[in-house]
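Since the structure comes first, as structure tokens, the remarks are kept for the end.
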Amino acid sequence: HCNAMPPGNTHIYGTETFVMGTKNEGRNFEVAKRENSVIMLEENYEEIYQGFDPTSPETSIMFSIMQEAYQENSIILASNIQDQFEKRAGRKSRGVKQSSLWVLWNTAMPSVLVELGYLTNPKEEKELNNPQIQDYLASAMFRGIRDYKNYLESTK
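As numbered in the working numbering, the sequence shown has no gaps in its residue numbers, which increase by one up to the final residue, 223.
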């Protein structure tokens with residue numbers, strides 16, 4: 068996934084990896100609202116998303132319960148990916164963040180949402196279109212997942 072900022076924020080760049088979270092303060096809350104709001108534009112969204120309403124108090128409670136089940140492993144996976152973005156791909160890491168996003172909520176396993184960079188930053192947009200940079204980013208994600216798998220196997 069690639070990120071974007073509102074006009075006037077073209078200086079922001081770097082990778083981010085999101086895990087499920089309910090601590091939506093500041094920008095994280097705005098990202099969650101924006102990402103989840105597109106659900107309501109789909110035909111039959113009530114049926115498709117099983118009554119999910121990103122604005123309801125019940126949704127906040129559901130996010131909180133689901134967050135606890137896999138959060139620790141999601142954070143480990145996300146941290147491994149961010150480490151590899153810095154080491155393997157030489158990218159600026161904006162860190163691991165928590166957000167209540169539908170794509171993270173409706174999973175039954177550790178899960179992450181990877182933001183490869185900001186399309187609203189002209190330099191980064193150009194880099195993200197470079198096949199060599201794309202290879203480095205893909206390799207970094209692979210290595211992060213591999214490191215996570217090795218971690219899981221070492222804790223058995």
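Ideal Cβ placement from N, Cα and C applies to all residues, glycine included. Quick caveat, the model's predicted, so the values are computed rather than measured.
Review point. Alpha carbon to alpha carbon, what distance is there between residue 217 and residue 170?
Key: For the purposes of this step, residue 170 is taken as residue 103 along the sequence shown, with counting starting at 1. For the purposes of this step, residue 217 is taken as residue 150 along the sequence shown, with counting starting at 1. Going by C-alpha positions, residue 170 is about 25 Å away from residue 217.
Practice item. Assign residue 152 to one of two classes, buried (16 or more other C-beta atoms within 10 Å of its C-beta) or exposed (fewer than that). Key: Against the sequence shown, residue 152 aligns to sequence position 85. Burial call: buried.
Review point. If you drop the 5 nearest sequence neighbours on each side, which residues of the same chain put their C-beta closer than 7 Å to that of residue 215?
Key: The sequence position of residue 215 within the sequence shown is 148, counting from 1. Result list for residue 215: 143, 144 and 147, in chain order.
Check your understanding: With C-beta atoms as the reference, is residue 72 less than 8 Å away from residue 185?
Key -> Start at 1 with the first residue of the sequence shown, and residue 72 comes out as number 5. Start at 1 with the first residue of the sequence shown, and residue 185 comes out as number 118. Cβ atoms of residue 72 and residue 185: closer than 8 Å.
**Study point:** Cα-Cα separation, residue 160 to residue 188
**Key:** As a working mapping, residue 160 is identified with position 93 in the sequence shown. As a working mapping, residue 188 is identified with position 121 in the sequence shown. Cα-Cα distance, rounded: 15 Å.
Check your understanding: With respect to the alpha helix (DSSP H) encompassing residue 211, which residues constitute its N-terminal and C-terminal limits?
Key -> Within the sequence shown, residue 211 is the residue found at index 144, counting from 1. From DSSP, the alpha helix (DSSP H) with residue 211 extends over 198-221.
**Study point:** Spatial neighbours of residue 164 in its chain, beta-carbon cut-off 8 Å, leaving aside the 5 residues before and after
**Key:** For the purposes of this step, residue 164 is taken as residue 97 along the sequence shown, with counting starting at 1. Scanning its chain for C-beta atoms nearer than 8 Å, with the 5 sequence neighbours on each side dropped, one finds around residue 164 the residues 83, 84, 85, 86, 88 and 95, in chain order.
Exercise for review: Using the Cα positions of residue 81 and residue 158, report the straight-line distance between them to the nearest angstrom.
Suggested key: Sequence index remark: in the sequence shown, residue 81 carries index 14 (1-based). Sequence index remark: in the sequence shown, residue 158 carries index 91 (1-based). Answer to the nearest angstrom: the Cα atoms are 6 Å apart.
Review point. Are residue 141 and residue 179 touching if we call contact CB-CB under 8 Å?
Key: As a position in the sequence shown, residue 141 is number 74, starting the count at 1. As a position in the sequence shown, residue 179 is number 112, starting the count at 1. Cβ distance < 8 Å, so residue 141 and residue 179 count as in contact.
Practice item. Indicate whether residue 203 and residue 156 have their beta-carbon atoms separated by less than 8 Å. Key: The residue labelled residue 203 in the question sits at position 136 within the sequence shown. The residue labelled residue 156 in the question sits at position 89 within the sequence shown. Contact: yes.
Point to revise | Burial state of residue 197 (16 or more Cβ within 10 Å) | key: One-based indexing of the sequence shown puts residue 197 at position 130. Answer is exposed; the Cβ neighbour count stays below 16.
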